[in-house]
Structure formats: C-alpha cells, structure tokens
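Asker: Can you keep this structure in mind? I'll have questions shortly.
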Amino acid sequence: MSSLTTTCFLLALIGCISGQFLPQAQFEVARKGRTKMLSCTVDSSVTLSSTAIHFYRQKPGDALQRILYFAAGASKATLEPEFTRRFSSGKKDKTFTVTISNINDDDAATYYFALWRGDTHLLLFVLACHIVDNDKVFSSGTRVYVTAGSLSVDPKVSVYPMSRVQTNQKRVMLCQARDMFPDLVKFTWQAVDQNGNKVDLKDEEILEQREDQEVKITSMLIVDKQKGRDYTFSCSVQHGSKNPTITIPKDPDPDPVHVPAQTCPTSKPKAHEEKEKVKKEEEKEEEKPIYDGFELRRSLYLFSVTYVVLLVKNILYFCTVSFLLYKRYTANKETLRSQAR
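Counted the way mature numbering (1 follows the signal peptide of the UniProt record, and there is no 0) counts, the sequence shown spans residues -19 to -1, 1 to 322.
What follows is the structure in structure tokens.
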C-alpha cells in the first residue's frame, strides 16, 4: 500500500471516529400543548467550522424527515418550510438544542441529530463506520412520547435466582422490568470474578422477551455452569435517567453432588425376615382401604340422614308460619267487615 493511500485511509478513519455524538437521552415524555426541548452534544474532536449538523424526525414505519440543519460554521439553523411554525433551535459551544412548542400527537417519534463531515471527501474509505455513499453519522436518538396524563413511571425491577444446571450444561438468569411508562428500558448485564474484577460478557447469549399487554419486559442471560459457579452477576435496568442495579441471588447448593448409597451385605436369614416384614405391611395396607371405604360410606349415610332431618324441619317450620299468617290475615279481614257494617 502506497504512503498516499495509507495517509488517505488514516485521515478517513480519524474523521469517522471523531464524527460522533455524546449519548442522547433515551426518551422524553411530553404533555399535549406543552413545550419540549431536545439537546445533543458533539464530540470535542469535531470541528464545527467545517461540519454541518442536521436534525431529523422518524415516525414508526416512516422514512426520516429533516426538520432543520446548521450549516458548517453557522450559529443559526435553517428550518425546512413545513416545520417553521412550532420548531426553534439554539446552539451553545458544542451543544445543539431543538425546541418543539404546542406538542401534539403528531410529534410522537424518534429524533436524531446527524453530523455531516464537510471537511473530507474521502468517502471510499469510510466503510469501517458502516456508512455508504455519504459521510454522515447519526446520534443515538431520543424517543418522544406524547401523553395527556401523568409523566414517566419508574419500572418495578425483579430478579430471579440462578437456575440449576440445564441438560446443555448451561445456567439461566432472569431480570424483569414491569409497570413502567414509557415501556422503553435497556438491560445491562455485569459480572465480577472472585477477585472483584469485571468479566466481559460479550460472548454470552442474551435474550429479551416483551409482553405488551402487561407492560413487562424480561431479559435472560445464559452462561455455562462454570461461570455461573465462579462469578457474581448483576442486572442494570436503564429507564430514562435512572439505572438501578440488582445482584442475581445464587442457590446455596446449586450443583449438589449425588453420592450413591452403599449397601452392606446381609445374611440370608436376616434378608428373609425383612421380606416377611414387608409382606405383612403390604397386607395391612390392603386391609386399610377396605376399612377406610366402610368409614366413608358410614359418614355419607350420616350426612344424608342429617340433611333429610334438617330439610323436613325447615318444611314444617315453613308450613307453620304460613298457617299462622293465614289465620292472622283472615282475622283482620273479619274485623274490617264488622267495622264496615
């Protein structure tokens, strides 16, 4: 590779690495009719005098829409014609802000800042950043939820003890977040060894299950049994600015060792006595169900007799009360007739 090609490649790679944004807020909750400000800070290595900053909106299932952009070296943004009424912008040092006024349902979307590298044209060498045709890098994005009610609700985080060793020699850990709003969380698994050193979990299998009806998201970490025995694991759940961490409890005896019981040889007479004893116990057990069946039938008979007696008693009571009420009604009727005469 020639020195010129190497220099071009390094310049392009440096431009790609430096053209980044600091992490944005994971989400924002906005009430209808209110105002919401979104902000993003570019990396200190970015030269704004030769770099353009763009601001995009993406609704679920739709393409990106550019709302405004800061030209290279500009302190004021240029808005697209259809977004001139409710969007305003600002810039301070390397931090850019966009304010949305009079929030409505149409503003529920994900918003991105994008960086246009105007100081380099070496587009062919930016493949290391997975950018094709354009030297453009997007921020992590902020999801905006629009609501007429209360604001965000923190999740209830639960963890479950590490499972026993499965047939595939793996162990499973579960971390669950539920009853939160918005239903957008990020799980992070961490592990430390017996010396307190952090362990890389990039090679482990991590699965995630979402239940929208109950607003419940579960993350599952699968590790081999050796790591499950030697390491201490914890789960962090990021929801907005809060990021609680809970340690996964371990089973006090996760992998019990089964030792086969040793039997001592017995003499033939003793073995015969044991056999006779077992036979007598089996005979007793066969007699017991017969006796228990008799007791059950007897109890059912007594219950039936008691029920019939109570039923007859209630019928007699009903008839007596009805007769007395009839006699009282007849007497009152005769009294009224005599008074009318």
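A virtual CB, placed ideally from N, CA and C, is assigned to each residue, including glycine.
Against chain B, does Leu306 count as a neighbour if the rule is that its beta carbon must be under 8 Å from one of theirs?
Answerer: In the structure shown, chain B does not exist; there is a single protein chain.
Asker: Please confirm if the segment 87 to 98 is in contact with the segment 115 to 125, defined as three or more CB-CB distances below 8 Å between the two stretches.
Answerer: Judged by Cβ distances under 8 Å, the segment 87 to 98 makes contact with the segment 115 to 125, as three or more pairs qualify.
Asker: Report buried or exposed for Asp88, applying the criterion of at least 16 other Cβ atoms within 10 angstroms of its Cβ.
Answerer: Classification for Asp88: buried.
Asker: So the alpha helix (DSSP H) Asp211 belongs to, where does it begin and stop?
Answerer: Note, Asp211: alpha helix (DSSP H), 206 to 211.
Asker: Nearest CA to the CA of residue 329: which residue from Leu188, Glu189, Ala172?
Answerer: Nothing about residue 329 can be read from this structure; the chain reaches only from -19 to 322.
Asker: For Lys231, which of Glu186, Asn224, Tyr212, His220 has the nearest alpha-carbon?
Answerer: Closest by alpha carbon: Tyr212.
Asker: So, helix, strand or coil for Leu104, using DSSP?
Answerer: Per-residue confidence for Leu104 stands at a pLDDT of 30, beneath the threshold of 50, marking its modelled position as unreliable; the derived number appears in the next sentence. Correct three-state label for Leu104: helix.
Asker: Is it right to say Gly42 is buried, meaning 16 or more other beta carbons lie within 10 angstroms of its own, or is it exposed?
Answerer: Flag for Gly42 reads exposed.
Asker: What are the boundary residues of the beta strand (DSSP E) that includes Met161?
Answerer: From DSSP, Met161 is part of no beta strand (DSSP E); its letter is neither H nor E.
Asker: Check whether the segment 126 to 140 and the segment 153 to 161 touch, using three or more Cβ-Cβ pairs below 8 Å as the test.
Answerer: Cβ pair count under 8 Å is three or more, so yes.
Asker: Alpha carbon to alpha carbon, what distance is there between Thr148 and Lys249?
Answerer: No answer about Lys249 holds up, because its pLDDT of 49 lies below 50 and its placement is not dependable.
Asker: In three-state DSSP terms, what is Ser303?
Answerer: In the structure shown, Ser303 sits in a helix (DSSP, three-state: H, G or I).
Asker: Can you tell me whether Asp184 is buried or exposed, with buried defined as 16 or more other CB within 10 angstroms of its CB?
Answerer: Exposed: under 16 other Cβ atoms inside 10 Å.
Asker: Could you tell me if residue 323 is buried or exposed, where buried requires 16 or more neighbouring beta carbons within 10 angstroms of its beta carbon?
Answerer: The chain is shown from -19 up to 322; residue 323 falls before or after that span and cannot be answered.
Asker: With C-beta atoms as the reference, is Met143 less than 8 Å away from Gly209?
Answerer: Yes, they are a contact pair.
Asker: From the DSSP output, which residues share a beta bridge with Arg318?
Answerer: Its beta-bridge partners do not exist; DSSP assigns none.
Asker: With three or more C-beta pairs closer than 8 Å as the rule, is the segment 4 to 23 touching the segment 41 to 59?
Answerer: Output reads no: the segment 4 to 23 does not touch the segment 41 to 59.
Asker: For Cys216, which of Glu315, Tyr141, Ser30, Val10 has the nearest alpha-carbon?
Answerer: If we check each option's Cα against that of Cys216, Tyr141 comes out closest.
Asker: DSSP state of Ser200, grouped into three classes?
Answerer: Strand, per DSSP.
Asker: Quick one: residues in its chain with C-beta nearer than 6 Å to the C-beta of Lys75, no 5 flanking neighbours on either side, listed in chain order?
Answerer: Thr22, Val23.
Asker: Considering Cα atoms alone, identify which of Lys223, Phe214, Ile34 is closest to Ala6.
Answerer: Answer by Cα proximity: Lys223.
Asker: What are the residues that DSSP puts in a beta bridge with Gly71?
Answerer: Paired residues: Thr78.
Asker: Could you tell me the distance, in whole angstroms, from the CA atom of Ala109 to the CA atom of Ala90?
Answerer: Interpretation of Ala109 is limited by its pLDDT of 30, a score under 50 that renders its predicted location unreliable; no figure is taken from the coordinates.
Asker: Comparing C-alpha positions only, which one of Trp170, Val153, Gln190 sits nearest to Gln207?
Answerer: The option with the nearest alpha carbon to Gln207 is Val153.
Asker: Within the continuous beta strand (DSSP E) that includes Arg12, where are the two ends?
Answerer: Segment 8 to 12, the beta strand (DSSP E) holding Arg12.
Asker: Would you call Glu9 buried or exposed, if buried means 16 or more other Cβ atoms sit within 10 Å of its Cβ?
Answerer: Per the 10 Å Cβ criterion, buried.
Asker: Whose CA, out of His35, Arg318, Ile203, Val289, lies closest to the CA of Gln150?
Answerer: Nearest C-alpha to Gln150: Ile203.
Asker: Below 8 Å on the Cβ atoms is my guess for Glu63 versus Arg47; work out the distance and round it to an integer in Å.
Answerer: Not confirmed; about 10 Å, so no contact.
Asker: Would you list the one or two residues that DSSP bridges to Tyr141?
Answerer: Its beta-bridge partners are Leu155.
Asker: Measuring only from the beta carbon, is Ser222 closer than 7 Å to any heavy atom that is part of the ligand ADP?
Answerer: Because no ligand of any kind appears in the structure shown, any question about the ligand ADP cannot be addressed here.
Asker: DSSP three-state label for residue 369, please.
Answerer: Outside the shown range of the chain (-19 to 322) lies residue 369, about which nothing can therefore be said.
Asker: Look at the alpha carbon of Thr199 and the alpha carbon of Tyr288, and state the distance between them as a whole number of angstroms.
Answerer: The alpha-carbon atoms of Thr199 and Tyr288 are separated by roughly 54 Å.
Asker: I need the straight-line Cα distance from Thr301 to Glu195, nearest angstrom please.
Answerer: Computed Cα separation, rounded: 59 Å.
Asker: Check for me: the beta strand (DSSP E) holding Arg38 runs from which residue to which?
Answerer: That run of the beta strand (DSSP E) goes 32 to 39.
Asker: Since Phe51 and Phe77 should fall inside the 8 Å C-beta cutoff, what is the C-beta to C-beta distance between them, to a whole number of angstroms?
Answerer: That pair is a contact at about 7 Å.
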